[in-house]
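Each residue of the sequence shown is one higher than the last, beginning at 5 in our numbering. Here a beta-carbon is modelled for each residue, glycine too, at the ideal position from N, C-alpha and C. Working notes for the structure below.
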Amino acid sequence: MRMYIDCDSLIQEQLTPEECKAVHGAESKFSVTERDMLVMLALFEKYNIYRILEIGTNEGATAAFLLKMRPNIMQWVGVDLIRAPDYIGRRCTDERYHLFRTDGTVKHAEQLIGPLGKFACIFIDADHSFESVKRDTEYSEKFLASGGIMIWHDYDVLHRYKKTPFGVKKYIDDLEGDIYLSGDRDRNSFKCCSLAWRFQK
């Protein structure tokens, strides 16, 4: 079942006006929108998220900002490729942030992540092709704690050049079970929230 969530209500219920103000205008610093940030903060607050695994960390700006906003987060683990540029992870200097570089194989990623235990949240924001999203989800979900939340970025967002949806949408649309989707439907606007999420049984 697909359930559209009223993001305005979620944000108002979980965040203070001061927190919303701190996010406002900051979107140019991140690969996610201001709206994405607000919804993620609201989800972290509502479900007491304290350990996060991020697949596709880029510069680490998202991690840096959310760690700053949420002192109760104990650990944020970012995973990206060894062959990725040197700037990967450079914008997050928080001591709770740990970056792991993989060779691109599932085996190596599992070897790095396995000893770290279970996470309350896994955030998928790496390569957006169908095959990559499927692979990243399937290998990482074994590290998601019972009751934890899996979040995908850029659901129902159009590719900048091809003007077609990313593979994220096709992958999620093929999944069985309950999937929660942002109620923001203007996929051409960078002001919208483009997150999808589900809970681990």
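**Asked** What residues are listed by DSSP as bridge partners for A200?
**Response** The count along the sequence shown starts at 1 and reaches residue 200 at position 196. Its beta-bridge partners are W156, L185.
**Asked** On the three-pair Cβ rule with 8 Å, is the region 117 to 130 touching the region 141 to 148?
**Response** With a cut-off of 8 Å on Cβ pairs, the region 117 to 130 is in contact with the region 141 to 148, counting three or more such pairs.
**Request:** Output yes or no for whether 8 Å exceeds the beta carbon distance between I2 and A124.
**Result:** This structure leaves residue 2 out entirely; the chain is present only between 5 and 205.
**Prompt:** Could you check where the beta strand (DSSP E) with I126 kicks off and where it finishes?
**Reply:** Position 122 of the sequence shown holds residue 126. For I126, the enclosing beta strand (DSSP E) covers residues 123 to 128.
**Cβ neighbours of L14 in the same chain (closer than 6 Å, five flanking residues each side left out)** = Here residue 14 is taken as the residue at index 10 of the sequence shown, counted from 1. The residues are A46.
**Span separating the alpha-carbon of P75 from that of A68** = The residue labelled residue 75 in the question sits at position 71 within the sequence shown. The residue labelled residue 68 in the question sits at position 64 within the sequence shown. In this structure, the CA atom of P75 is about 11 Å from the CA atom of A68.
**Asked** What distance in whole Å lies between the Cβ atoms of D160 and K173, which are believed to be in contact at a cut-off of 8 Å?
**Response** Numbered from 1 along the sequence shown, position 169 holds the residue referred to as residue 173. Numbered from 1 along the sequence shown, position 156 holds the residue referred to as residue 160. The beta carbons of K173 and D160 sit about 5 Å from each other, so the pair counts as a contact at 8 Å.
**Asked** Cα separation between R139 and T109?
**Response** Here residue 139 refers to the residue found at position 135 when the sequence shown is read from its first residue. Here residue 109 refers to the residue found at position 105 when the sequence shown is read from its first residue. Each residue's alpha carbon lies about 10 Å from the other.
**Asked** Does the Cβ-Cβ distance between M7 and Y175 come in under 8 Å?
**Response** Translated into the one-based positions of the sequence shown, residue 7 becomes position 3. Translated into the one-based positions of the sequence shown, residue 175 becomes position 171. No, the pair does not count as a contact, with Cβ atoms beyond the cut-off.
**Request:** Would you mind sorting R87 into buried or exposed? The rule is 16 or more other CB atoms within 10 Å of its CB.
**Result:** Sequence index remark: in the sequence shown, residue 87 carries index 83 (1-based). The residue in question, R87, is exposed, as its Cβ has fewer than 16 Cβ neighbours within 10 Å.
**Item:** Segments assigned beta strand (DSSP E), at least 3 residues, entirely inside the region 86 to 113
**Value:** 101 to 106, all fully within the region 86 to 113.
**Message:** Whole angstroms are fine: how far does the CA of L19 sit from the CA of E49?
**Reply:** If you number the sequence shown from 1, residue 49 lands on position 45. If you number the sequence shown from 1, residue 19 lands on position 15. The alpha-carbon atoms of E49 and L19 are separated by roughly 8 Å.
**Prompt:** Since G60 and D84 are thought to touch, with beta carbons under 8 Å apart, how far apart are those beta carbons, to the nearest angstrom?
**Reply:** Start at 1 with the first residue of the sequence shown, and residue 60 comes out as number 56. Start at 1 with the first residue of the sequence shown, and residue 84 comes out as number 80. The Cβ separation is near 6 Å, so the contact holds.
**Asked** How close, in whole Å, do the beta carbons of V206 and L199 come, if the pair is a contact with beta carbons under 8 Å?
**Response** Residue 206 is absent from the model: the chain starts at 5 and stops at 205.
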